[in-house]
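Protein chains: 2
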Amino acid sequence: MTTLLHIDASPRGDRSVSRKLSKAFVDQWLAHEPGATVIARDIGHNPPPFITEAWVAAAFTAIDERTPAQHDELRLSDTLIDELARADVIVIGAPMHNYGMPSALKSWFDKVIRIGKTFTFGLARGDYPLEPIMSGKTLVVLSSRGEFGFGPGGVREHMNHLETHIFTCAHYLGVRESHLIAIDYQEFNDERHRQSVDDAFAAIPVLVRQCLGIDGPARVAAE
Amino acid sequence: MTTLLHIDASPRGDRSVSRKLSKAFVDQWLAHEPGATVIARDIGHNPPPFITEAWVAAAFTAIDERTPAQHDELRLSDTLIDELARADVIVIGAPMHNYGMPSALKSWFDKVIRIGKTFTFGLARGDYPLEPIMSGKTLVVLSSRGEFGFGPGGVREHMNHLETHIFTCAHYLGVRESHLIAIDYQEFNDERHRQSVDDAFAAIPVLVRQCLGIDGPARVAAE
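Protein sequences, first through last, are from chains A and B. Be aware that the first sequence starts at 0, since it is given in numbering that gives the first Met the number 0, and climbs by one per residue. Be aware that the second sequence starts at 0, since it is given in numbering that gives the first Met the number 0, and climbs by one per residue.
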């Protein structure tokens with residue numbers, strides 16, 4: 000049975016397009032696999048607090064040398080990492096804010112990418128000292144962008160620090176394969192946006208079946 | 000007389016390398032121009048709160064239709080934008096966290112890039128509807144990264160979502176020219192790191208003179 004970690008990063012509620020996408024993905028998954036476990040983590044409405052110097056010090060202190068205050072400092076991070084460890088599939092619904100992640104989503108990454116928990120560091124590995132501890136996970140990013148052209152070869156590809164950044168960080172979460180369905184043109188609110196929404200929602204059941212191995216390995220890209 | 004907006008994004012205090020770099024830049028500037036104004040904004044120790052749905056709603060409500068609560072919601076954003084408006088030179092000291100900005104710095108960008116205050120939106124402009132309102136500013140990014148190879152042609156160039164992302168956002172702050180001095184190899188703590196620190200601090204007085212127009216337009220790049 001699959002465990003899905005369902006993350007929503009939008010500060011919006013019902014008005015969020017990325018939340019609708021991530022909900023559609025999870026609902027489709029449950030239609031195929033009713034016994035799947037869903038861990039819901041609403042970062043958009045409950046952001047993990049910003050990293051502090053005390054947090055960094057606690058994370059870099061050996062576990063048996065931590066003070067009770069340092070254990071407290073890391074408690075939310077421990078919880079978020081436990082959720083990640085249990086997940087086979089990580090589903091992230093995220094709007095593009097100023098060409099990158101919402102600050103709250105970045106705060107989640109900063110709390111879960113932690114030495115000794117999600118990665119190890121060893122200078123014996125030479126110039127590539129970091130290695131992820133977890134492995135074999137699937138990541139699905141469901142995003143919404145105000146403008147367009149953020150994919151490979153697009154007019155704004157060089158400005159995209161949302162999905163590209165998530166995929167860079169995902170390596171340290173033990174992600175083996177990543178998928179993306181993105182809605183574009185939200186700020187234009189025109190026919191192109193309506194088409195992009197339709198394409199994205201049409202791609203979701205295809206991607207769910209692909210992730211479940213029902214349709215074979217054909218790739219989906221609503222980019 | 001120049002006004003400098005001095006932003007520090009590190010959650011650390013005395014242990015922060017990016018803070019030492021930004022302080023060195025500002026100190027050098029004041030040595031040349033003792034009457035310059037410095038606006039200090041310590042984001043690392045006092046992060047602007049995460050964007051909420053109420054904040055978004057307030058920002059997109061016309062100024063004369065805002066409720067008192069909506070004016071309150073935007074007060075910090077107004078202050079941060081006022082600081083930006085007064086600045087000729089924006090100096091950002093920032094560590095790389097998980098290949099991007101500290102979440103607190105992203106939160107600052109999300110609070111200052113605001114419709115009607117720092118950019119206008121007009122569909123009459125076609126596929127490029129956003130235009131900055133401010134202009135003519137200089138941006139200096141002083142960063143510290145744990146690994147290396149994040150510059151053009153480097154082995155981790157594709158993983159860099161720190162300075163590249165800052166420069167993308169900077170357009171909407173009215174930045175005309177950008178400069179970067181970066182320290183690498185911090186996690187390795189080896190001779191390469193010591194050399195990188197030395198190079199960065201040596202580049203600072205050169206860049207200050209360049210920004211002040213003392214040495215002519217030669218470019219500095221400690222990348």
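All C-beta atoms in this analysis are idealised placements derived from N, C-alpha and C, irrespective of residue type, glycine included.
**Request:** Note down, in chain order, each residue of its chain lying with its Cβ closer than 7 Å to the Cβ of A:A23, except the 5 sequence neighbours on either side.
**Result:** Indexing the first sequence from 1 puts residue 23 of chain A at position 24. Excluding residues within five positions, the ones whose Cβ falls inside 7 Å are F200, I203.
**Asked** Using CA coordinates, which residue listed in B:G115, B:Y127, B:T36 is at the minimum distance from A:R155?
**Response** As a position in the first sequence, residue 155 of chain A is number 156, starting the count at 1. Checked all of B:G115, B:Y127, B:T36; the closest Cα to A:R155 is B:Y127.
**Item:** For B:Q185 and A:T66, the rounded distance between their alpha carbons
**Value:** Here residue 66 of chain A refers to the residue found at position 67 when the first sequence is read from its first residue. Here residue 185 of chain B refers to the residue found at position 186 when the second sequence is read from its first residue. If you draw a straight line from the Cα of A:T66 to the Cα of B:Q185, it comes to about 26 Å.
**Prompt:** Between the C-alpha atoms of B:M100 and B:P94, what's the straight-line distance to the nearest angstrom?
**Reply:** In the second sequence, residue 100 of chain B corresponds to position 101, counting from 1. In the second sequence, residue 94 of chain B corresponds to position 95, counting from 1. Answer to the nearest angstrom: the Cα atoms are 7 Å apart.
**Request:** Check each residue of the region 94-126 of chain A: if its Cβ is closer than 8 Å to any Cβ of chain B, include it; give the result in chain order.
**Result:** Listed by position along the chain: H96, N97, Y98, G99, M100, P101, S102, A103, K105, S106, F108, D109, I112, F120, L122, D126.
**Message:** Using the three-state DSSP reduction, which class does A:E52 fall into: helix, strand or coil?
**Reply:** The residue labelled residue 52 of chain A in the question sits at position 53 within the first sequence. Correct three-state label for A:E52: helix.
**Request:** Examine the Cβ distances between the region 40-52 of chain B and the region 10-27 of chain A and report whether three or more of them are shorter than 8 Å.
**Result:** Yes, the region 40-52 of chain B is in contact with the region 10-27 of chain A.
**Request:** Provide the residue span of the beta strand (DSSP E) that contains A:V140, from first to last.
**Result:** By 1-based counting over the first sequence, the position of residue 140 of chain A is 141. From DSSP, the beta strand (DSSP E) with A:V140 extends over 136-143.
**Asked** Taking Cβ positions, are B:K110 and B:S76 nearer each other than 8 Å?
**Response** The residue labelled residue 110 of chain B in the question sits at position 111 within the second sequence. The residue labelled residue 76 of chain B in the question sits at position 77 within the second sequence. Yes, these two residues count as a Cβ contact at 8 Å.
**Asked** Between the region 29-57 of chain B and chain A, which residues of the former have a C-beta closer than 8 Å to a C-beta of the latter?
**Response** Among the residues of the region 29-57 of chain B, those with a Cβ less than 8 Å away from any Cβ of chain A are P46, F49, I50, T51, E52, W54, V55, in the order of the chain.
**Message:** If the cut-off is 9 Å on Cβ atoms, which residues from the region 7-31 of chain A count as contacting chain B, listed in chain order?
**Reply:** Taking 9 Å as the Cβ-Cβ cut-off, the region 7-31 of chain A approaches chain B at S9, P10, R11, G12, R14, S15, given in chain order.
**Message:** So within the region 27-82 of chain B, which uninterrupted alpha helix (DSSP H) runs reach at least 4 residues, ignoring any that extend past its ends?
**Reply:** Here the runs fully enclosed are 52-58, 67-72.
**Request:** Check A:I91 in the structure and name its three-state DSSP category.
**Result:** For the purposes of this step, residue 91 of chain A is identified with residue 92 of the first sequence, where counting begins at 1. Residue state, collapsed to three classes: strand.
**Asked** Any C-beta of chain A sitting closer than 8 Å to the C-beta of B:F187?
**Response** For the purposes of this step, residue 187 of chain B is taken as the residue at position 188 of the second sequence. Interface residue (Cβ-Cβ distance to chain A less than 8 Å): B:F187 is classified as such.
**Request:** Taking A:H160 as the query, report the chain B residues whose CB atoms sit under 8 Å from its CB, ordered along the chain.
**Result:** Indexing the first sequence from 1 puts residue 160 of chain A at position 161. Residues of chain B passing the Cβ test: G99, H160, T163, H164, T167.
**Message:** I'd like to check one pair, A:I38 with B:N97: are the Cβ atoms closer than 8 Å?
**Reply:** Position 98 of the second sequence, counted from the start, is the residue given in the question as residue 97 of chain B. Position 39 of the first sequence, counted from the start, is the residue given in the question as residue 38 of chain A. No, they are not a contact pair.
**Asked** DSSP three-state call for A:V174: helix, strand or coil?
**Response** Numbered from its first residue, the first sequence carries residue 174 of chain A at position 175. In the structure shown, A:V174 adopts extended strand secondary structure according to DSSP, grouped into three states.
**Message:** At the level of alpha carbons, what is the spacing between A:T36 and B:T60?
**Reply:** Taking the first sequence and counting its residues from 1, one reaches residue 36 of chain A at position 37. Taking the second sequence and counting its residues from 1, one reaches residue 60 of chain B at position 61. Roughly 40 Å separates the two Cα atoms.
**Request:** Report the three-state DSSP secondary structure of B:I114 (helix, strand or coil).
**Result:** Position 115 of the second sequence, counted from the start, is the residue given in the question as residue 114 of chain B. In the structure shown, B:I114 adopts extended strand secondary structure according to DSSP, grouped into three states.
**Request:** With DSSP as the reference, please indicate the residues paired to B:G99 in a beta bridge.
**Result:** The residue labelled residue 99 of chain B in the question sits at position 100 within the second sequence. Per DSSP, B:H96, B:H160.
**Prompt:** B:I42 to B:F108, Cα distance in whole Å?
**Reply:** Locating residue 42 of chain B in the second sequence gives position 43, where the first residue counts as 1. Locating residue 108 of chain B in the second sequence gives position 109, where the first residue counts as 1. When the Cα atoms are used, B:I42 and B:F108 turn out to be separated by approximately 11 Å.
**Prompt:** What's the call for A:G212, buried or exposed, on a 16-neighbour Cβ count within 10 Å?
**Reply:** Numbered from its first residue, the first sequence carries residue 212 of chain A at position 213. Counting of Cβ neighbours within 10 angstroms places A:G212 among the exposed residues, the total staying below 16.
**Asked** Any idea what DSSP makes of B:A8, helix, strand or coil?
**Response** Along the second sequence, one-based indexing puts residue 8 of chain B at 9. When DSSP states are grouped into helix, strand and coil, B:A8 belongs to the coil group.
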